[in-house]
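In my numbering, the protein residues as written are 15 to 185.
Even for Gly, the Cβ is constructed at its ideal location relative to N, Cα and C.
Let me begin by presenting the structure, written as structure tokens, before commenting on it.
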């Protein structure tokens with residue numbers, strides 16, 4: 015088969031800081047200020063580009079490591095088009111929209127419940143549900159072309175612009 019060649023350059027400081035923060039952020043008792051820290055962390059262009067490379071690489075690695083679980087969800091795979099090649103061409107390149115397969119892989123890899131709301135078809139099934147009610151939950155809005163992160167409305171926020179929460183492009 016075709017060897018899976020994953021090439022990416024991740025600034026080691028960005029990666030180290032990401033891992034340290036993820037460990038702290040997976041605390042179910044996160045406060046509003048902690049959530050603001052998370053938003054600020056991901057808002058930097060330098061950080062977000064490195065983080066997206068990491069997330070895409072993690073999803074590809076998880077998918078290729080759990081082929082039996084993911085091959086059934088990817089169309090047109092075969093001897094000439096293995097799962098590794100699909101990941102290399104459809105998942106690893108930056109600025110490509112993706113579908114539920116890598117989202118499911120990320121949720122499983124991080125063991126974080128991922129809820130997806132579909133803009134056109136109403137609520138969607140959760141992609142991954144962890145045991146326990148105190149596990150942090152990520153909610154995404156699927157618009158038909160890409161996913162956006164939905165953030166809960168900050169406590170006490172009364173602005174009409176943010177009356178239903180607010181969102182940020184994720185993938």
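Legend entry - Residues of its chain near residue 24, where Cβ-Cβ distance is below 7 Å and the 5 sequence neighbours each way are ignored: Here residue 24 scores only 44 on pLDDT, less than 50, and its place in the model should not be relied on; the value that follows carries that caveat. Once the five neighbours on either side are set aside, the close Cβ partners of residue 24 are 64, 67 and 68.
Inset, instruction - For residue 162, name the three-state secondary structure that DSSP assigns. - result: strand
Legend entry - Of the listed residues 55, 129 and 31, nearest to residue 163 (C-alpha basis): 129
Legend entry - Host alpha helix (DSSP H) of residue 98 (start-end): 97-104
Legend entry - Short Cβ contact (7 Å threshold) for residue 72 with residue 123: yes
Legend entry - Counted within 10 angstroms of its Cβ, other Cβ atoms place residue 116 as buried (16 or more) or exposed: buried
Legend entry - Buried or exposed by the 16-neighbour rule on C-beta atoms within 10 Å, applied to residue 90: exposed
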